[in-house]
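Everything on this sheet refers to the single structure shown next.
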Amino acid sequence: MKYVLKKFISLLITLFVISILTFTAFSVIPGDAALAKLGIDASPEAIAQLQEQYGLDKPILERYADWAIHALQGDFGQSFNYSRMSVSELLATRLPVTIILAVMSLLIIVVISLPLGMLSAKFSGKWPDVVINQTTQVTMAIPSFFLGIILTVIFGIGLKWFQVGGYVSPDKDFWGCVRYLIFPAIAVAIPKIAMVVKFIRNSVLSEINKDYVRTAYSKGNDENQVLYGHVLRNAMIPVITFLAMVVAEILTGSLVIEQVFNIPGMGRLLITSISNRDFPVVQASVIYITAVVVVINFIVDIIYQLADPRIRTS
Amino acid sequence: MEDKTLISVRDLTVGFPAGKGDIHTVLDHINFDIGQGEIVGIVGESGSGKSMTALSIMGLLSKDAVIMDGTVELRGTDILNIDHEKRRKIQGDDMTMVFQEPMTSLNPVMRIGDQVGEVLKLHTKLHDDEIERRVAESLLSVGLKNPEELMKSYPHQLSGGMRQRVMIAMAIINQPDLIICDEPTTALDVTVQAQILALLKKIHREKKCSILFISHDLNVIKEICQRVIVMYHGTIVEQGSVDEVMYAPKHDYTRKLIASMPEQLSENISKDPLIHVKDLNIYYRTAGKIFTSKKDRMVYVKDLSFDIYKGEIFGLVGESGCGKTTVAKALTGLNTDIEGTMDLGGTMPQMVFQDPFSSLNPAMKIGKILEEPLKLAGVKNKTERREKVNEVLQEIGLDESFAGRYARELSGGQRQRIAIGLALMRGEKFIIADEPVSALDVTVQSQILKLLIRLHKERGLTILLISHDLNIVRHMCNRVVVMYLGRIVEMADVNELYDNPMHPYTRMLFESILTDKKKTDTDKITVNEVRPLKRDQEMCAFYGRCRYAQDKCQEKALELRNIGTEESPHLLRCCLRIARDE
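Chains Z and U, in that order, are what the protein sequence lines are.
Counting along the first sequence from 1, when you hit position 139 you're at 139 in the working numbering, and nothing is skipped either side.
Counting along the second sequence from 1, when you hit position 98 you're at 1098 in the working numbering, and nothing is skipped either side.
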């Protein structure tokens, strides 16, 4: 319990620091929302008026304090760009899509990499290992946007397994949304699968020569019993960290795929908001993303404790 | 007593592929038997094939090993050339194995109970409750307390000695006919070693199983075995009863193995202190917590006072964790968090480390490694440095060609010579040797010790010799200090200390030594795995393990008191007055 509390405090500190950093960054870079909205030809009076309306004329500390107080109550202000929508509403429509996509990609990664990695390690140097190694080598080299295009061409335009550009919102039809997201998730997953397979293989191989494995054989275990009963759990410990990194990357970096498949997720929102200087949205998005990454780390720490008793006691 | 043969090894020949279709033979036509209920020892240096023999019998040879010839028969049936399925039925059922490294031989993420019970799960149809009961029984029988609690714990929560007991519990639980022990005590402290050997003897008596006991240490073999096999370069050079082999060795190599330790006898040592240490405390910092300014600063070594005289070999003994290496680190300046007086007499102590395999940079040529101290001392002239390197290489019994080689091309003994040479490069007069030979084979050990003695005599070197090997200390040192949990508990001239050990801990250490003298009774060693006290506690640190412990031991901090003469002091930190011969 003390551990959870400690982690929670560190989460708050991280968020605080990130919020200050983004706030500062946006005050330092040239151009503000008013200018972006009205264009460079606008009269100085009009800009000044809009600045006043958005509160951009106040000193930065005051603006930060204002924002922070509201943000703590869940109010991230109004979007400059999408008028009549509060930032919270905007995020509420976008965030779930990205999270569903990330979770689906992760499931695909784990379900495919684990058996492939184990197989590759078990037959290391023999033909299954060579085949897996060659295939992953290729898939690792394909950028996911290109993979997305290929998937669209084959399964969308060719086989018509999904309707190109026919995105379904998760509130209206959850399973419809999932069905639509399968191919984007595959596009995100494939390059990562290659890395995770290699990682699992190496992790298992480095465990296999350890003394406890010899002990396990000396008891009369056969190869599979040793591999799945003894080696797997030890080998998974470094893999968990690696997977967490992969998930964080997916959550923040699937924006190219969102473009290719026309998915209204966080990535696309962030891109538009940054180019429009839609400061409240960017600020809130960055906070959300940070929170997600920190929360994942927190979850990983807990999984770690379950997997490795040595961490539990120290 | 052994009319029946259990294991019979005939013409066993094993090799490894050495490229280009060649095979490098590691076992060459090995022949021997193990009788039912017999304890057979195999002794030899590393690479002699003793472990390979054990793995062949156990069926654990690595996949690339090639069995070129021979059979291993278990009760008359060949078990060497059978398929995996049949093999598995024998492993863990008819024979089990105890390995050298208790720290790594248990699965770190599996509970002790599951690991010990696994053998029964694999080989019997017993119910889970019944398995649990048997596991508890087995843990009790190897001298572990609270089996229920222990079964739920993980390996990292146990000490090395406890883990080795767990390994033994695992080996005996299914009542095998043969237990193969591969250097089971090598990684353990002497006191723990003695306990484990006593335990194995007890098991042998009670279960009437056979034991194949592998060791590089003849004293250990003699302690436990009835018959001994001496291996050298993959062949058996001699075998017979322990007495025959030990007291009338026929083969040259055996004689070399038995040949005693080098002895240094320089009586007239000056009483001129070179190193003077007074009331020294050495601290370790544990990581401070964020949000709290409190930093944990732990006293690791406390109230350390001693002088090392010019030109003597000063021994420092104690079990692992007692602070031996910490003292060495403080003297060489690797540990700077200290309080008290430390006068090094103008010397810059040089260190020789325990493990010659990992303490030399693998990417640097020996010549470069040896030159480094000179470079740091500001010797700019290249030829001057080279000459000095060659000079030192000669002195440590190597030749100039070694300057162009890498550490991996050298044997363990040669590497340790280099490490000693490194300590000599700057012409310092004081060397700290931290377990300099414990990673080496017995025959190599004596060469390295001889080198140290020669340098000590020729150069007038003063040496602080840290060792857990009490035999070596006795033969090498002029004076000896015994440490327990960060404190000196006894200090005296070597003969005085070995003839009249007064501290209960020193006595326990000495009772654990396996000497070349025959001992009649070794079962009296008490099984004692009490958790030690914290270092900063004021009472006698040895209280929990002391067989003479009394209430007054808990009362106050103890001072070192002199129970010898002014001439040759014998310092002791113990409040009891135990009779000399008790």
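We put the beta carbon where it would ideally sit given N, CA and C, even for glycine.
- The beta carbon of Z:I20 sits closer than 8 Å to the beta carbons of Y64 from its chain, once the five residues preceding and following it are set aside; these are given in chain order.
- At the C-beta level, Z:D278 and Z:S79 come within 8 Å of one another.
- With contact defined as three or more Cβ pairs closer than 8 Å, the stretch 1341-1352 of chain U and the stretch 1386-1403 of chain U are not in contact.
- At the C-beta level, Z:I100 and Z:V226 stay beyond 8 Å of one another.
- Secondary structure remark: continuous beta strand (DSSP E) runs of at least 3 residues inside the stretch 1291-1330 of chain U, in chain order: 1296-1309 and 1313-1317.
- Fully contained in the stretch 119-197 of chain Z are the following alpha helix (DSSP H) runs of length 4 or more, in chain order: 127-141 and 144-151.
- Within chain Z, the residues whose beta carbon sits less than 9 Å from that of U:F1099 are D211, R214, T215 and S218, listed in sequence order.
- Annotation: U:S1438 is outside any alpha helix (DSSP H) and is labelled neither H nor E by DSSP.
- The beta carbon of U:R1577 is closer than 8 Å to none in its chain, skipping five residues each way along the sequence.
- Z:N202 and Z:R233 have their alpha carbons spaced roughly 14 Å apart.
- Around the CB of Z:W67, 16 or more other CB atoms lie within 10 Å, so the residue is classed as buried.
- Just measuring C-alpha positions, the residue of U:V1009, U:I1112, U:P1176 and U:E1319 sitting nearest U:P1147 is U:I1112.
- Taking 8 Å as the threshold, the shortest C-beta distance from U:R1075 to chain Z does not fall below it.
- DSSP places U:E1371 in the uninterrupted alpha helix (DSSP H) bounded by I1366 to L1376.
- Straight-line spacing of the CA atoms in U:E1496 and U:H1570 works out to 8 Å.
- The alpha-carbon of Z:I237 is positioned some 58 Å away from that of U:S1568.
- Per the DSSP secondary-structure output, U:L1571 pairs in a beta bridge with U:M1491 and U:N1562.
- Straight through space, the alpha carbons of U:L1122 and Z:V97 are spaced by roughly 49 Å.
- For Z:N297, the enclosing alpha helix (DSSP H) stretches over residues F279 to A307.
- In this structure, DSSP gives U:P1017 an extended state, which the three-state scheme calls strand.
- Remark: C-beta atoms of U:D1279 and U:D1303 approach each other more closely than 8 Å.
- With respect to the 8 Å criterion, Z:L269 and Z:S285 are classified as neighbours on the basis of their beta carbons.
- Bridge partners of U:C1181 according to DSSP: U:V1098 and U:F1213.
- Scanning chain U for C-beta atoms nearer than 7 Å to the C-beta of Z:D308 yields V1109, reported in chain order.
- U:V1352 is bridged by DSSP to U:A1433.
- Contact between Z:D222 and U:R1088 is confirmed by a C-beta separation of about 6 Å, below the 8 Å threshold.
- Beta-bridge partners of U:V1040 (DSSP): U:L1212 and U:R1227.
- Not a single C-beta of chain Z is nearer than 8 Å to the C-beta of U:V1392.
- When beta bridges are read from the DSSP output, U:L1027 appears opposite U:V1014.
- One alpha carbon belongs to U:A1171, the other to U:T1185, and they sit about 15 Å apart.
- Annotation: the continuous beta strand (DSSP E) that includes U:D1069 extends over V1066 to L1074.
- In the structure shown, U:P1273 adopts extended strand secondary structure according to DSSP, grouped into three states.
- Annotated as proximal: U:I1039 and U:I1224, with beta-carbon spacing under 8 Å.
- Counting every other CB atom within 10 Å of its CB across the protein chains shown gives U:T1254 a total of 16 or more, marking it as buried.
- Per DSSP, Z:R84 lies in no alpha helix (DSSP H) segment and is marked neither H nor E.
- It is roughly 19 Å from the alpha-carbon of U:P1155 to the alpha-carbon of U:S1320.
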